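Quick notes on the structure that follows.
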Amino acid sequence: MRPSARALLASARSTGQLWRSFPPAPNSTARHRVAYVGWSGNGNLGDDAMIAAHRRLLPGWDVTQVPNHGGFAPLSGAALRRVAVICLGGGTLVLNGHFRETLERLMRAAPDAPRVMLGVGVEDLEFREGRRAAVLSEVATWRPLLTEFEQVRVRGPLSQRTVASMGLDSVVVGDPAIALPDQSPGDPTGQRPSDRARIGVNFGVTDDLWGGDHAAFRSTVVAAIGRLVGAGHDVALLATTVQDRVHLSEVARECSAAGVTVAGPNSVGLAALDTALKRCSVVVGEKLHALVLAARLGIPTLALEYRPKCRDFQLSVGRGDWVLRTDDLTVEALVDFVTAGLAAAEEDRAELRRSVEDLGLRLERAAESMRLAMGRVA
C-alpha cells in the first residue's frame with residue numbers, strides 16, 4: 001500500500017527535524033554529541049525537566065533530543081550516524097514499543113557509540129490497560145537492548161523488579177528531575193503566606209489509568225476539593241503540562257461556580273511551578289512529575305496512582321505508604337488520605353529531604369560513570 005500524502009509529509013518533516021537536530025559539525029563538536037531518546041518539547045514540564053537534568057549533570061556534552069515522529073525516512077540514517085553517544089533518557093521508556101524502535105534505529109546507525117542511561121522508568125507488567133495491553137510482548141525484544149548499556153539504572157524499586165524479572169541487574173538512582181535545583185525567585189525559605197494549610201492538587205489529562213474511568217476520577221477529586229476547602233484548608237491547583245493547565249482552569253471555574261475558592265493553576269514553567277509548590281504543605285499528585293518536582297523541594301507527596309510509575313517513584317523516596325490507586329478512590333477515602341498526610345507532613349519533611357539528598361548523590365555518581373563510559377569518544 002502506498003503511503004498517504006499526510007504520512008509522506010510527516011516523514012519529510014521528521015527527516016528535516018533530524019537533520020536540524022544533528023547537523024554536520026567539526027569533529028570536536030561531533031565527538032560530544034549525545035542522542036537523547038525520550039520525550040521533551042511537547043508542553044510537558046516533567047519531560048523537559050528530565051532532559052534539563054541530563055544536561056546539568058553532563059556538562060560539556062551536547063545532549064540533543066531525538067525527534068519522536070512515527071517512522072524515519074531513509075535519509076535520517078545519515079543524520080543519526082552523526083551521534084557519538086546514545087542515551088536512553090528519563091521517563092517510562094523501557095517496554096515501550098515506540099522508544100524501542102527509536103533505540104533500535106539509533107543502535108543500527110551508530111553501532112560503536114557507547115550506550116548510557118541516567119535513570120529510566122520501566123513499564124509494569126501488571127498494568128495492561130489501554131495502550132499498554134501488549135506490554136508483555138515487549139520483554140523479549142527489550143532484554144538484549146538493555147544488555148548493551150554500560151549499566152542499567154532505574155527510577156525506583158518497581159522498575160528494578162521488572163528488570164529483575166527479565167533476568168538483568170539494575171540499580172535504583174531515582175528520577176533524573178530530582179537533580180534540578182529550586183528555580184523559584186524570591187524568598188528562599190519558601191514560607192507560606194498564612195497559617196492555613198495549603199494543599200497542592202494536581203490531576204489532569206491521561207491516556208490510561210487504573211480502572212479506566214476518567215470521568216469518575218475527575219468528579220471524585222473535584223468533590224474532595226470542595227470538602228477540603230469546606231474544612232478550612234487552602235487548595236492550589238498545580239499544572240505540569242499545557243493540557244493540564246487548560247483542564248485545571250476548567251476545574252477552577254467549576255469550583256468557583258459551586259462557591260469553592262481555589263488558587264491556580266500556575267503557568268507551565270519550572271520557576272512558576274516551584275513558586276506554587278513552596279506555598280504548599282503537601283502535594284496530592286496524579287502526574288508523576290508533580291510528585292517528583294515537589295519531593296525534590298522537600299514537600300511531602302501523596303500520590304494518586306493512575307499508573308504504577310507513581311508508586312515506583314514514591315517507593316524511591318520512602319513514601320510507598322502514601323499512595324492511593326485511582327480504582328480505589330472515593331471522596332471519603334481521598335479526604336481521609338489528605339487529612340492524614342497533612343497531619344504527618346511536618347514530621348515527614350526531614351525524612352523526605354534525606355531520601356532526596358541520597359538520590360541526588362546517586363544521580364551524580366551515575367552521571368560520573370556515564371561520563372567515564374562516554375569519555376572514550378571524547
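Residue numbers for the sequence shown follow UniProt numbering, beginning at 1 and rising by one.
Using N, Cα and C, we set each Cβ at its ideal position, and we do this for glycine too.
A quick note: this is a predicted structure, and the numbers were derived from the prediction, not measured.
Residue 246: buried (16+ other C-beta within 10 angstroms of its C-beta) or exposed?
Here residue 246 is taken as the residue at index 246 of the sequence shown, counted from 1. It counts as exposed.
Would you identify the three-state DSSP class for residue 285, choosing helix, strand or coil?
Locating residue 285 in the sequence shown gives position 285, counting from the first residue. Three-state result, residue 285: strand.
If you measure between the beta carbons of residue 94 and residue 171, is that distance less than 9 Å?
Here the question's residue 94 lines up with position 94 in the sequence shown. Here the question's residue 171 lines up with position 171 in the sequence shown. No, the pair does not count as a contact, with Cβ atoms beyond the cut-off.
List the endpoints of the continuous alpha helix (DSSP H) containing residue 244.
Along the sequence shown, one-based indexing puts residue 244 at 244. Unbroken alpha helix (DSSP H) run through residue 244: 242-257.
Return helix, strand or coil for residue 175, following the three-state DSSP convention.
For the purposes of this step, residue 175 is taken as the residue at position 175 of the sequence shown. Residue state, collapsed to three classes: coil.
To the nearest angstrom, report how far apart residue 342 and residue 289 are at their CA atoms.
Taking the first residue of the sequence shown as position 1, residue 342 is located at position 342. Taking the first residue of the sequence shown as position 1, residue 289 is located at position 289. Those two C-alpha atoms are separated by around 20 Å.
The beta strand (DSSP E) spanning residue 200 covers which residue range?
To locate residue 200, count along the sequence shown from 1; it is residue 200. 198-202 is the extent of the beta strand (DSSP E) around residue 200.
So, residue 264 versus residue 240, is the Cβ gap smaller than 9 Å?
In the sequence shown, counting from the first residue as 1, residue 264 sits at position 264. In the sequence shown, counting from the first residue as 1, residue 240 sits at position 240. Not in contact: residue 264 and residue 240 (Cβ atoms no closer than 9 Å).
Please classify residue 234 as buried or exposed, where buried requires at least 16 neighbouring CB atoms within 10 angstroms.
Reading the sequence shown from its first residue, position 234 is the one you call residue 234. The residue is buried, with at least 16 neighbouring Cβ atoms inside 10 Å.
Based on the DSSP secondary-structure assignment, which residues constitute the bridge partners of residue 36?
Here residue 36 refers to the residue found at position 36 of the sequence shown. Residue 36 is bridged to 65 and 87.
By DSSP, does residue 336 sit in helix, in strand, or in coil?
As a position in the sequence shown, residue 336 is number 336, starting the count at 1. Helix.
Please state whether DSSP places residue 46 in a helix, a strand or coil.
Within the sequence shown, numbered from 1, the residue matching residue 46 stands at position 46. Helix.
Identify the continuous beta strand (DSSP E) that holds residue 113 and give its terminal residues.
On the sequence shown, residue 113 is found 113 positions in, with the first residue counted as 1. Taken as a continuous stretch (DSSP letters only), residue 113 belongs to no beta strand (DSSP E), as it is neither H nor E.
Name the residue from 53, 320 and 123 whose alpha carbon lies nearest to the alpha carbon of residue 138.
Here the question's residue 138 lines up with position 138 in the sequence shown. Considering only alpha carbons, the answer is 123.
Report the option in 317, 271, 269 and 272 whose CA atom is closest to the CA atom of residue 379.
Outside the shown range of the chain (1 to 378) lies residue 379, about which nothing can therefore be said.
Taking the alpha carbon of residue 165 as the reference point, which residue from 142, 88, 371 and 64 has its own alpha carbon closest?
Counted from its first residue, the sequence shown places residue 165 at position 165. Closest by alpha carbon: 142.
In three-state DSSP terms, what is residue 324?
Counted from its first residue, the sequence shown places residue 324 at position 324. Three-state DSSP puts residue 324 in a strand.
With DSSP as the reference, please indicate the residues paired to residue 305 in a beta bridge.
For the purposes of this step, residue 305 is identified with residue 305 of the sequence shown, where counting begins at 1. Note: residue 305 sits in a beta bridge opposite 325.
Does the count of Cβ pairs from the stretch 259-274 and the stretch 219-239 closer than 8 Å reach three?
The answer is yes - the stretch 219-239 touches the stretch 259-274, with three or more Cβ pairs under 8 Å.
Using three-state DSSP, classify residue 209 as helix, strand or coil.
Working through the sequence shown from its first residue, we reach residue 209 at position 209. Coil at residue 209, not helix or strand.
Give a yes or no on whether the C-beta atoms belonging to residue 248 and residue 45 are separated by under 9 Å.
Numbered from 1 along the sequence shown, position 248 holds the residue referred to as residue 248. Numbered from 1 along the sequence shown, position 45 holds the residue referred to as residue 45. Result no, Cβ atoms of residue 248 and residue 45 do not sit closer than 9 Å.
Using the Cα positions of residue 359 and residue 181, report the straight-line distance between them to the nearest angstrom.
Numbered from 1 along the sequence shown, position 359 holds the residue referred to as residue 359. Numbered from 1 along the sequence shown, position 181 holds the residue referred to as residue 181. Residue 359 and residue 181: Cα-Cα distance of roughly 13 Å.
Rounded to whole angstroms, what is the Cα-Cα separation between residue 362 and residue 368?
Translated into the one-based positions of the sequence shown, residue 362 becomes position 362. Translated into the one-based positions of the sequence shown, residue 368 becomes position 368. If you take the alpha carbons of residue 362 and residue 368, they lie about 10 Å apart.
Please state whether DSSP places residue 143 in a helix, a strand or coil.
Counting from 1 along the sequence shown, the entry for residue 143 is found at position 143. Note: residue 143 maps to helix in three-state DSSP.
Nearest-angstrom Cα distance between residue 37 and residue 101?
Position 37 of the sequence shown, counting from 1, holds the residue named residue 37. Position 101 of the sequence shown, counting from 1, holds the residue named residue 101. Between residue 37 and residue 101, the C-alpha separation is close to 10 Å.
Return the residue from the list 303, 66, 334 and 281 that minimises the CA-CA distance to residue 42.
Walking along the sequence shown from the start, residue 42 turns up at place 42. The shortest C-alpha separation from residue 42 is found at 66.
Here's the rule I'm using: 16 or more other beta-carbon atoms within 10 Å means buried, otherwise exposed. How should residue 275 be labelled?
Counted from its first residue, the sequence shown places residue 275 at position 275. Counting Cβ neighbours within 10 Å, residue 275 comes out buried, since at least 16 surround it.
According to DSSP, is residue 82 part of a helix, a strand, or is it coil?
Residue 82 sits at position 82 when you count from the first residue of the sequence shown. Of the three classes helix, strand and coil, the one that applies to residue 82 here is coil, per DSSP.
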